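Heads up, the thing below is written out as structure tokens.
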Amino acid sequence: MGAYAYRAPSSVEEALSTLAAEAAAGNRAQMLAGGTDVMVQMRSIDKGPRTFVDVKHVAEANELCIGTDEVFIGAAIASAVLNESQELKSILPGLIEAADLIGSTQIQGRATIGGNLCNSSPAGDTIPALIACGAVCVIASSGGNREVPTEDFVTGVGTNVLEPTEFLVGFKIPRPKGRTSDAYLRFIPRTEMDIAVCGAGVALTLDDSGVCTAAKVSIGAVAITALVVPDAAAALVGTTVDDAALAAAADASSALAKPITDKRGTVEYRRKVVGVLTKRAAAIARDRALAL
Amino acid sequence: MSKVHVSTTINGDSVEFLCEPHQSLLDVLRDELGLTGTKEGCATGDCGACSVMIDGRLVCSCLMLGVEAAGVDVTTIEGIAGPDGLHVIQEKYLEHAALQCGICTPGFIVATKALLDKNPDPDETTIRYWLAGNLCRCTGYDKIVRAVQDAAQNLAYEA
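As you go down the protein sequences, you meet chains A and B in turn.
Note that our numbering has the first sequence beginning at 528, numbered continuously upward.
Note that our numbering has the second sequence beginning at 1497, numbered continuously upward.
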């Protein structure tokens, strides 16, 4: 008891048995992906012994598979690696731009989408983007894999549905079909490398005449978890995503937001800006879909 | 507390070391291996002074455990110069006086090497965004950008 340790399992089974053994021994185990949050927290707000269980050697967590119906993104893949996949960027541009917004070149060499979700910050940039594109979390569990929609994964500030003996293996995302695209925007007071004041992710599908047939909108940093905005999606569906529809979607996001006032922004400001971001992200997703 | 035995490659040499499971790669490099060219600025991944390359990819060594270096290829500032002297990037930093106090310089040079390995002809915007994770408290950014541009040109002539 009371010591740091490090394990690097090479398979899902070995990782699960490592987590189970640590739990049985009364040790705290913590999954380690890129470490860009974990290492900082270990030295500041979350000191204390634990066993690090490195997910980066688990084969499934490193898998990137772009299938005809589904995309699988392993939880341990660094965002710089994802960003180098031109195919992934072309089919899920919003998700990749969200990952690309996080941190410097150095951070992106380590940081992962899986880690961003498991850190479960209200301001995690990839979370609204994952929700918008319909990502489902694949969680390794002793009874086999279980799947949880991303919008149901985070339960509060820094908390999520993972049991101590479970871990996130990756994401299943329906491969966008036809004229389907996505976009993510966030607001920060400088050009890059800051924590979102608020953010908005939009995915939508247009038919041949440019009418929106499906949409999903998610907003971040305006509540304790990222929110799905059904009314914003409803405002876009059945329209050509024109100015009136965009304005209605913006209003729906602003209405649903439950932000707090802190050093990054006030309640009133965040409520206003999250609407603007919703509108702009929807317009970008529309233009991307039209270009397909 | 039991130390962990790690086998890795640093600057082309096979290296073995013992470290604590929670010791950062930065602390291992500096305190266990005597490779003090890599600097600690913030130890929170914000300043880039501790930049190294892992299998050719730029990372902050303060945000990596020493044990995570097992089996990878680590490049530190000590591995940038060749047997015949300074690397062109280092020469150009000197020539352009792209350093003042010098604490950020090893990180900047490793970051520049990683950039030019990936993109031999970056435009100024690309250079500035790539190096945005390296902070210089003396604010010598403009000379640094000029040095990187000049190094890129020289490397292109050599190639």
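Note that beta-carbon positions come from the ideal geometry of N, C-alpha and C, so glycine has one too.
As the structure is a computational prediction, the values presented were derived from the model and not from experiment.
Residues bridged to residue i [DSSP beta-bridge criterion]
{"i": "P820/A", "result": "As shown, chain A starts at 528 and ends at 819. That puts residue 820/A outside it, with no answer to give."}
{"i": "F694/A", "result": "A667/A"}
{"i": "G747/A", "result": "G726/A"}
{"i": "N687/A", "result": "V681/A"}
{"i": "G1578/B", "result": "G1581/B"}
{"i": "I1506/B", "result": "D1509/B and V1570/B"}
{"i": "V1500/B", "result": "C1515/B"}
{"i": "Q1649/B", "result": "In the DSSP output, where bridge partners are listed per residue, Q1649/B has none listed."}
{"i": "E674/A", "result": "V665/A"}
{"i": "T732/A", "result": "T707/A and A741/A"}
{"i": "F579/A", "result": "Y533/A and Q557/A"}
{"i": "S538/A", "result": "None; S538/A has no bridge partner."}
{"i": "V755/A", "result": "S745/A"}
{"i": "C592/A", "result": "F599/A"}
{"i": "L1561/B", "result": "S1520/B"}
{"i": "D789/A", "result": "G792/A"}
Segment limits, alpha helix (DSSP H) that includes residue i
{"i": "F680/A", "result": "Unbroken run through F680/A: none, as it is neither H nor E."}
{"i": "S569/A", "result": "According to the sequence provided, residue 569/A is Met. The question's Ser does not apply to it. It spans V565 to M569 - the alpha helix (DSSP H) in which M569/A sits, taken as one unbroken run."}
{"i": "A810/A", "result": "V794 to L817"}
{"i": "V585/A", "result": "Unbroken run through V585/A: none, as it is neither H nor E."}
{"i": "T1601/B", "result": "T1601 to K1614"}
{"i": "L622/A", "result": "P620 to D627"}
{"i": "A775/A", "result": "D770 to L783"}
{"i": "N643/A", "result": "I640 to N646"}
{"i": "S606/A", "result": "S606 to N610"}
{"i": "P655/A", "result": "T653 to A659"}
{"i": "T1622/B", "result": "E1620 to W1626"}
Alpha-carbon to alpha-carbon, residue j and residue i
{"i": "G728/A", "j": "S745/A", "result": "5 Å"}
{"i": "D814/A", "j": "G575/A", "result": "49 Å"}
{"i": "G601/A", "j": "V1502/B", "result": "26 Å"}
{"i": "E693/A", "j": "K785/A", "result": "31 Å"}
{"i": "P1602/B", "j": "C1543/B", "result": "12 Å"}
{"i": "K1614/B", "j": "G1629/B", "result": "17 Å"}
{"i": "A710/A", "j": "G661/A", "result": "13 Å"}
{"i": "A547/A", "j": "M558/A", "result": "13 Å"}
{"i": "T632/A", "j": "I604/A", "result": "15 Å"}
{"i": "K616/A", "j": "A1647/B", "result": "31 Å"}
{"i": "Y1653/B", "j": "E1587/B", "result": "15 Å"}
{"i": "G697/A", "j": "H1592/B", "result": "46 Å"}
{"i": "N643/A", "j": "G651/A", "result": "6 Å"}
{"i": "E1528/B", "j": "R713/A", "result": "42 Å"}
{"i": "V1555/B", "j": "A1594/B", "result": "22 Å"}
{"i": "L1631/B", "j": "D1638/B", "result": "12 Å"}
{"i": "Q1568/B", "j": "N589/A", "result": "As written in the sequence, residue 1568/B is Val, which differs from the Gln given in the question. About 16 Å."}
{"i": "I654/A", "j": "L1582/B", "result": "45 Å"}
{"i": "G594/A", "j": "R702/A", "result": "7 Å"}
{"i": "G1541/B", "j": "V567/A", "result": "8 Å"}
{"i": "T1504/B", "j": "V1511/B", "result": "5 Å"}
{"i": "L1525/B", "j": "L1531/B", "result": "5 Å"}
{"i": "E540/A", "j": "L695/A", "result": "13 Å"}
{"i": "I787/A", "j": "L819/A", "result": "39 Å"}
{"i": "D789/A", "j": "C1634/B", "result": "31 Å"}
Whole-Å CB distance - residue i paired with residue j, under 8 Å assumed
{"i": "N610/A", "j": "A626/A", "result": "7 Å"}
{"i": "C725/A", "j": "A760/A", "result": "Not quite, the Cβ-Cβ distance comes to about 18 Å (not below 8 Å), so this is no contact."}
{"i": "F579/A", "j": "P1579/B", "result": "That pair is no contact at about 38 Å."}
{"i": "A816/A", "j": "S708/A", "result": "4 Å"}
{"i": "V738/A", "j": "G765/A", "result": "7 Å"}
{"i": "L1481/B", "j": "S1557/B", "result": "What the structure shows of chain B is the stretch from 1497 to 1655, and residue 1481/B is not part of that stretch, so it cannot be assessed."}
{"i": "Y531/A", "j": "R577/A", "result": "7 Å"}
First through last residue of the beta strand (DSSP E) which encompasses residue i
{"i": "I1550/B", "result": "S1547 to I1550"}
{"i": "T707/A", "result": "R706 to F714"}
{"i": "L1554/B", "result": "R1553 to C1556"}
CA nearest to the CA of residue i, picked from the options
{"i": "I751/A", "options": "A742/A, G737/A, T686/A and G562/A", "result": "T686/A"}
{"i": "V608/A", "options": "A1593/B, D1551/B, V1563/B and T1608/B", "result": "D1551/B"}
{"i": "T1622/B", "options": "V1524/B, E1512/B, L1529/B and T1608/B", "result": "T1608/B"}
{"i": "L1561/B", "options": "G1533/B, A1594/B, K1499/B and K1588/B", "result": "K1499/B"}
{"i": "I722/A", "options": "G737/A, R791/A, A776/A and K743/A", "result": "R791/A"}
{"i": "Y1625/B", "options": "Q635/A, L644/A and D652/A", "result": "Q635/A"}
{"i": "E1564/B", "options": "A1652/B, Q1519/B and I1576/B", "result": "Q1519/B"}
{"i": "L1559/B", "options": "G1567/B, G1537/B, E1574/B and A1577/B", "result": "G1537/B"}
{"i": "S668/A", "options": "V801/A, V794/A, T545/A and L819/A", "result": "T545/A"}
{"i": "I666/A", "options": "A659/A, D679/A and A741/A", "result": "D679/A"}
{"i": "A535/A", "options": "D581/A, R577/A, V567/A and V696/A", "result": "D581/A"}
{"i": "V1570/B", "options": "T1532/B, N1507/B, D1638/B and L1595/B", "result": "N1507/B"}
{"i": "T767/A", "options": "Y796/A, P649/A, S606/A and D735/A", "result": "D735/A"}
{"i": "G1636/B", "options": "I1573/B, L1582/B, L1590/B and C1515/B", "result": "L1590/B"}
{"i": "R637/A", "options": "I654/A, A560/A, D778/A and T682/A", "result": "A560/A"}
{"i": "M1549/B", "options": "A1643/B, V1606/B, L1627/B and P1618/B", "result": "V1606/B"}
{"i": "I700/A", "options": "E795/A, L773/A and L619/A", "result": "L619/A"}
{"i": "K799/A", "options": "S780/A, A809/A, T718/A and A656/A", "result": "S780/A"}
C-beta neighbour in chain D for residue i, strict 9 Å
{"i": "I634/A", "result": "This model lacks chain D altogether; the protein chains it does include are A and B."}
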